[in-house]
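Numbering-wise (full-length UniProt numbering), the sequence shown opens with residue 1 and increments by one.
We put the CB at the ideal spot given by N, CA and C, even for glycine.
Being a predicted model, the structure only gives us computed values, none of them experimental.
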Amino acid sequence: MSTLNHETRAMLDDSVSRFVQNEYTFDDRRQNLARHQGQSERVWQTFAEMGWLSIPFTEELGGLGGDITDTVGVMRNFGHALITEPYPAVMQAARLLALGNNEYLKSELLPGVLEGRRQLVFAGEEVASRGNPLAVALKAEPDGDGFRLSGEKISVRHAMTASHVVVSARHHGSYCDEAGLDLFVLPLETPGVVVTDYPMMDGQRGANIRFDGVSVSPDQRLVDAGNAGALILRVNAEAILMAAAEAVGIMETLVKKTVAYTRTRKQFGVALAEFQVLQHRMADMYIETTSVDNLLAQTVTRWAGADARQQATLASKLKARMGQANRYVGQQAVQLHGGIGMTDELDIGHYFKRLTAIDLQMGNSEWHRKQLWRETVA
């Protein structure tokens with residue numbers, strides 16, 4: 001439960017808004033993507049100094065006393081500017097750490113995260129998971145007092161700049177069962193951990209991480225046996241909430257830029273914005289964006305009173321609707337800009353690719369619609 005008051009939230013949102021408007025340009029983004037690490041250390045340190053890395057953590061952990069819903073305004077503004085820094089990825093991993101019951105790991109790692117000195121990432125997705133965070137095949141086999149990890153995780157964003165990884169593993173139970181899951185935290189330099197880095201479709205860096213019989217001790221276990229599944233569901237739902245806020249920010253920007261472009265671009269001596277069919281398309285873009293924004297606001301309102309399963313259902317509803325809107329708004333923005341909309345020099349194509357990447361993360365809209373149907377008939 002958040003302890004932040006309305007004035008503090010407004011102040012934080014305003015600070016992010018001013019930053020993306022005045023200090024983070026499209027050229028900054030392109031320069032970041034040109035770097036192998038895909039981000040700016042200076043910008044990341046600014047995030048720490050402004051307190052944005054501390055928002056969803058209790059004061060006892062050194063945070064501001066907020067929760068994940070307090071990051072919605074931050075992520076919306078980050079969507080406006082297409083921020084490349086790994087804010088959602090690091091927050092997801094750090095939230096797993098904060099909500100776990102390993103006090104040693106919290107005291108060792110969280111201060112560095114909140115101060116911008118350390119980055120963590122979560123490795124949860126596998127080849128066959130297709131959006132289901134409980135679909136874990138990576139094995140955690142007993143090895144003395146600890147475990148030995150064997151398997152591979154894919155599409156781990158920003159792994160190359162992280163010092164530690166939180167990894168989900170299965171020590172018993174059948175595939176997709178909530179029971180039998182575990183969470184471990186280990187340095188990415190641990191012997192047997194192999195990281196293969198590559199650029200992703202939206203320009204950010206991703207990696208596949210292979211665990212070749214990696215030994216982990218009981219001290220590296222994040223939660224007690226039997227509690228990992230619920231924690232994974234909860235934080236995965238939180239990550240979807242953050243992604244939805246970013247997507248709304250992107251769609252708001254695409255609507256604004258498309259309207260501005262069609263008012264200045266002329267065809268047959270007439271501004272494109274004067275053609276009624278294009279006016280209807282842009283109106284539909286606005287409606288799609290507003291629809292997701294309203295659903296996001298409703299979800300935030302219901303979030304605090306929901307348990308992990310209920311939050312996962314709320315997130316699935318949001319993700320299913322968001323994917324439909326992402327595709328329509330992104331495609332229309334590119335089409336109404338014409339061929340220039342696909343060039344790397346114009347930001348429209350970058351916004352479109354990021355929207356597409358968001359739709360594919362943590363299960364696409366089709367997977368979440370099917371998940372909602374399965375819950376309905378169960």
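Rounded C-alpha distance that separates R210 from G229: The count along the sequence shown starts at 1 and reaches residue 210 at position 210. The count along the sequence shown starts at 1 and reaches residue 229 at position 229. Rounded to whole angstroms, R210 to G229 spans 22 Å at the Cα level.
By Cβ distance below 8 Å, which residues in the same chain neighbour residue 418 in space, the five residues on each side in sequence not counted? No answer is possible for residue 418: the residues shown for the chain start at 1 and end at 378.
Would you call the segment 162–178 and the segment 119–129 in contact, with 3 or more CB pairs under 8 Å? The way I'd put it, the segment 162–178 does touch the segment 119–129; three or more beta-carbon pairs between them come closer than 8 Å.
If you follow the beta strand (DSSP E) that F147 is in, where does it begin and where does it stop? Taking the sequence shown and counting its residues from 1, the one referred to as residue 147 is at position 147. Per DSSP, F147 belongs to the beta strand (DSSP E) from G146 to K153.
Report buried or exposed for V20, applying the criterion of at least 16 other Cβ atoms within 10 angstroms of its Cβ. Working through the sequence shown from its first residue, we reach residue 20 at position 20. Residue environment: V20 is assigned as buried (16 or more neighbouring CB atoms within 10 Å of its CB, all protein chains considered).
Please state if the CB of V334 and the CB of E288 are separated by a distance shorter than 8 Å. Here the question's residue 288 lines up with position 288 in the sequence shown. Here the question's residue 334 lines up with position 334 in the sequence shown. In terms of Cβ geometry, E288 and V334 do not form a close pair [threshold 8 Å].
Relative to the C-alpha of residue 382, which residue among G65, N32 and Q37 is closest? No information on residue 382 is available, as it lies outside the stretch 1 to 378 that the chain covers here.
Straight-line CA distance for P187 to N5? Position 187 of the sequence shown, counted from the start, is the residue given in the question as residue 187. Position 5 of the sequence shown, counted from the start, is the residue given in the question as residue 5. Rounded to the nearest whole angstrom, the CA to CA distance from P187 to N5 is 36 Å.
Closest to T69 by C-alpha separation, out of S174, E246 and F26, would be which residue? As a first step, residue 69 must be located in the sequence shown, where it is residue number 69. Among S174, E246 and F26, the Cα nearest to that of T69 belongs to E246.
Find out if the Cβ-Cβ distance for the pair G65, S2 is shorter than 8 Å. As a working mapping, residue 65 is identified with position 65 in the sequence shown. As a working mapping, residue 2 is identified with position 2 in the sequence shown. G65 places its beta carbon less than 8 Å from that of S2.
Beta-carbon proximity list for L346, same chain, < 6 Å, skipping 5 on both sides: The residue given as residue 346 occupies position 346 in the sequence shown. Take L346, set aside five residues on each side of it, and the residues of its chain with a beta-carbon closer than 6 Å to its own are I340, in chain order.
Once DSSP output is grouped into helix, strand and coil, what is the label at P111? For this step, residue 111 is matched to residue 111 along the sequence shown. For P111, the secondary structure class from DSSP, reduced to helix, strand or coil, is helix.
Determine, using beta carbons only, whether T196 and Q37 come nearer to each other than 8 Å. Within the sequence shown, the letter at position 196 stands for residue 196. Within the sequence shown, the letter at position 37 stands for residue 37. No, the pair does not count as a contact, with Cβ atoms beyond the cut-off.
Inter-stretch contact at 8 Å, needing at least 3 Cβ pairs: the segment 127–141 / the segment 95–104: With a cut-off of 8 Å, the segment 95–104 and the segment 127–141 do not count as touching, because too few Cβ pairs lie within range.
Please list, in chain order, all residues of the same chain as Y351 whose beta carbon is under 6 Å from its beta carbon, the five residues on each side excluded. Walking along the sequence shown from the start, residue 351 turns up at place 351. Same-chain partners within the cutoff: I250 and L254.
May I ask you to report which of helix, strand or coil DSSP gives P191? Translated into the one-based positions of the sequence shown, residue 191 becomes position 191. In the three-state scheme derived from DSSP, where H, G and I count as helix and E and B as strand, P191 is classed as coil.
Give a yes or no on contact between the segment 215–223 and the segment 257–269, applying the rule of three or more CB pairs nearer than 8 Å. Contact annotation: the segment 215–223 does not touch the segment 257–269, with fewer than three C-beta pairs closer than 8 Å.
Buried/exposed call for M342, threshold 16 Cβ in 10 Å: As a first step, residue 342 must be located in the sequence shown, where it is residue number 342. An exposed status is given to M342, since fewer than 16 other beta-carbon atoms sit within 10 Å of its beta-carbon.
Please report the Cβ distance between N72 and V300, rounded to the nearest whole angstrom; I am assuming they are in contact, meaning their Cβ atoms lie under 8 Å. What you label residue 72 is simply residue 72 of the sequence shown in a count that begins at 1. What you label residue 300 is simply residue 300 of the sequence shown in a count that begins at 1. Note on residue identity: the sequence assigns Val, not Asn, to residue 72. By a beta-carbon distance limit of 8 Å, V72 contacts V300. Their separation comes to about 6 Å.
Distance, R148 Cα to P142 Cα: Counting from one through the sequence shown, the residue named residue 142 turns up at place 142. Counting from one through the sequence shown, the residue named residue 148 turns up at place 148. Rounded to whole angstroms, the gap between the alpha carbons of P142 and R148 is 6 Å.
Nearest-angstrom Cβ-Cβ length linking R354 and D202, presumed shorter than 8 Å: Position 354 of the sequence shown holds residue 354. Position 202 of the sequence shown holds residue 202. Correct: roughly 5 Å between the Cβ atoms.
List in chain order: all unbroken alpha helix (DSSP H) runs of 4+ residues lying wholly within the segment 43–83. Counting only runs of 4 or more, we get 72–81.
With DSSP as the reference, identify every bridge partner of A271, one or two as the case may be. Taking the first residue of the sequence shown as position 1, residue 271 is located at position 271. The partner list for A271 (beta bridge, DSSP) reads K266.
Every unbroken alpha helix (DSSP H) inside the segment 325–373 [4 residues or more]: Within the segment 325–373, the complete alpha helix (DSSP H) segments at least 4 residues long are 347–360, listed from N- to C-terminus.
Helix, strand or coil, according to DSSP, for L314 in the structure here? Start at 1 with the first residue of the sequence shown, and residue 314 comes out as number 314. Reduced to three states, the DSSP call for L314 is helix.
Please say whether T262 and L336 have beta carbons closer to each other than 8 Å? Here residue 336 corresponds to residue number 336 of the sequence shown, with the count starting at 1. Here residue 262 corresponds to residue number 262 of the sequence shown, with the count starting at 1. Remark: C-beta atoms of L336 and T262 approach each other more closely than 8 Å.
Distance, G51 Cα to A94 Cα: The residue you call residue 94 lines up with position 94 of the sequence shown. The residue you call residue 51 lines up with position 51 of the sequence shown. Computed Cα separation, rounded: 15 Å.
Does N22 come out as helix, strand or coil in the three-state DSSP assignment? Residue numbering aside, residue 22 sits at position 22 when the sequence shown is read from its first letter. Looking at N22 - three-state DSSP - the assignment turns out to be helix.
Identify which residue in E23, L231 and A159 has its Cα closest to the Cα of A179. By one-based count along the sequence shown, residue 179 stands at place 179. Selected option, being the one with the closest Cα: L231.
K139 versus K257 - alpha carbon distance: Along the sequence shown, read from residue 1 onward, the residue named residue 139 stands at position 139. Along the sequence shown, read from residue 1 onward, the residue named residue 257 stands at position 257. Roughly 48 Å separates the two Cα atoms.
Helix, strand or coil for S17, going by three-state DSSP, please let me know. Translated into the one-based positions of the sequence shown, residue 17 becomes position 17. Three-state DSSP puts S17 in a helix.
Of the listed residues A48, A273 and H171, nearest to R118 (C-alpha basis): Here residue 118 refers to the residue found at position 118 of the sequence shown. Considering only alpha carbons, the answer is A48.
One or two residues paired with I287 in a DSSP bridge: Against the sequence shown, residue 287 aligns to sequence position 287. Looking at the DSSP output, I287 bridges to nothing.
If you check the beta carbons only, do P88 and A243 fall under 8 Å apart? For the purposes of this step, residue 88 is taken as residue 88 along the sequence shown, with counting starting at 1. For the purposes of this step, residue 243 is taken as residue 243 along the sequence shown, with counting starting at 1. In contact: P88 and A243 (Cβ atoms closer than 8 Å).
Going by Cα to Cα distance, which pick from A260, V136 and Q298 is closest to L233? Within the sequence shown, residue 233 is the residue found at index 233, counting from 1. Distance from the Cα of L233 is smallest, within the candidate group A260, V136 and Q298, for V136.
First and last residue of the uninterrupted beta strand (DSSP E) at V90: One-based indexing of the sequence shown puts residue 90 at position 90. Where V90 is concerned, there is no enclosing beta strand (DSSP E), although the alpha helix (DSSP H) it sits in stretches over Y87 to L99.
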